[in-house]
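Note sheet for the following structure.
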Amino acid sequence: MLSPASNANTQATAVILGGTGELGFHVSTIFLTEYRSAFPTVRITTRDTASSKAKELAAKGAQVVSFGESWDIVLSGADVVVNVLPTPVVQGFNQELVAALLKNGVKVYFPPSFGGDYRVTDFPGFELAEWSMKRAVEEETRALAEGKIKVISLMNGGFLSWLLRPDRTIGVDVANNTFTCFDPPSARLAVTDLADIGRAVAQLSVLGLDPKAGSTVPDVVRIAGQNVSMEDVRDAVARVKGVAPGRIISLGDPAPAKKALREDYPDSQHRLLDYLRVAIAEGQLEISENENELVNPGQTLWKWKTIDDELRGIQ
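So for the sequence shown, my numbering puts the first residue at 422; every next one is plus one.
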């Protein structure tokens with residue numbers, strides 16, 4: 422892996438809000454290890470400073486700060502701030518946070534935009550609540566920042582590990598070699614490994630802080646470790662586990678399910694799995710057009726983790 426220090430002489434302070442969460446822990450770890458030369462000071466916030474994850478990050482050199490501390494303490498000297506807190510939490514204090522970012526001279530800020538590209542989802546008037554909240558927070562942040570902070574919204578599709586986890590899955594049952602989806606099973610979904618998202622955030626931070634390279638970073642950056650269909654997932658399971666290709670269970674046309682989401686709204690607005698399955702079938706969550714080459718040109722900084730890699734790790 423190429424050191425980020427070879428790309429820029431960055432010596433900066435990074436603050437990760439929600440640094441012990443599922444994604445936040447991976448982002449924090451990447452800053453503290455692979456990108457430590459560029460970010461000698463890494464500060465994280467957490468609700469429980471005595472948790473095992475907080476202690477692990479502290480052992481790696483993180484400054485661990487309670488989420489309840491004042492913004493001036495949390496953001497003191499910060500050059501980059503990465504917000505990995507849940508969007509509903511951020512909505513409650515976003516105006517106060519952006520004011521504190523401006524007051525403390527933060528240069529680069531990542532709002533909690535991680536996940537699919539909510540700008541292109543197509544559920545007019547009956548959108549998933551999470552997507553509506555992310556859009557509202559991003560728009561408010563940009564309006565309040567008035568161009569004085571480089572705001573980078575990073576969209577990565579789904580989390581690769583969630584694709585295969587029984588408690589998170591969209592229809593993948595590795596243990597029983599069965600795969601459930603709406604038609605067509607060839608529709609693709611962007612997925613990115615949690616650590617690779619952390620690497621993308623860190624590398625974009627380096628680029629964003631550079632006076633010359635910063636202008637090449639768009640306001641919205643889309644990445645995809647891999648775009649995979651249910652057919653691709655089935656074939657990967659067969660390939661890695663050495664079994665016959667499993668059965669794909671078709672749920673048929675997604676149109677009736679989409680109609681039900683519309684008719685049941687607003688009660689339906691938190692039915693994440695239903696929205697995701699429809700959105701995948703309609704091609705809304707594929708990220709083939711992306712900024713992978715900006716973030717990781719020719720995979721020279723790291724190799725994107727694939728579904729085959731993930732499967733090998735859970736065998």
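Backbone N, C-alpha and C define an ideal beta-carbon position, used for all residues, glycine too.
Being a predicted model, the structure only gives us computed values, none of them experimental.
Which residue's Cα is closest to the Cα of V638: L693, F544, S574?
-> S574
With burial defined as no fewer than 16 other Cβ atoms inside 10 Å of the residue's Cβ, what is the status of R452: buried or exposed?
-> One detail in the question is off: residue 452 reads as Phe in this sequence, not Arg. Burial call: buried.
For S424, I'd like the list of residues in its chain whose CB is within less than 7 Å of its CB, leaving aside the five on either flank, ordered along the chain.
-> Per-residue confidence for S424 stands at a pLDDT of 47, beneath the threshold of 50, marking its modelled position as unreliable; no derived number is given.
Three-state secondary structure assigned by DSSP to V622 = Here DSSP, grouped into helix, strand and coil, assigns V622 to helix.
Please go through the same chain and pick out, in chain order, the residues whose beta-carbon is closer than 8 Å to the beta-carbon of H447, but skip the five residues on each side of it.
-> These residues qualify, in order along the chain: L615, A616, I618, G619.
Could you say which of W583, V595, P533 lies nearest to M576 if we only look at CA atoms?
-> Looking only at W583, V595, P533, the smallest Cα-Cα distance to M576 is reached by P533.
Pull up the DSSP beta-bridge partners for R464, would you.
-> V436, Q484
Where K726 and N504 are concerned, what is the direct C-alpha to C-alpha distance, given to the nearest angstrom?
-> If you take the alpha carbons of K726 and N504, they lie about 23 Å apart.
On the premise that R692 lies in contact with I591, defined as a C-beta separation below 8 Å, what is that separation, rounded to the nearest angstrom?
-> About 12 Å; that fails the 8 Å criterion.
Are the region 485-501 and the region 517-529 in contact at 8 Å, needing three or more beta carbon pairs?
-> yes
Opposite L610 in the DSSP bridges: which residues?
-> Bridge partners of L610 according to DSSP: V649.
Whole-Å CB distance - E707 paired with L610, under 8 Å assumed = 7 Å
Whole-number beta carbon distance between M651 and P687, since they are thought to touch under 8 Å = The pair is not a contact, with the Cβ atoms about 29 Å apart (cut-off 8 Å).
Within 10 angstroms of its Cβ, does R660 collect 16 or more other Cβ (buried), or is it exposed?
-> exposed
Inter-residue CB distance, I728 and V649 (contact presumed, cutoff 8 Å) = 6 Å
Unbroken stretches of the alpha helix (DSSP H), 4 residues or longer, contained in the region 639-692 | 651-662, 676-685
Around the Cβ of G440, are there at least 16 other Cβ atoms within 10 angstroms (buried) or fewer (exposed)?
-> buried
Local conformation of L575 per DSSP, three classes | DSSP places L575 in strand when its eight states are reduced to three.
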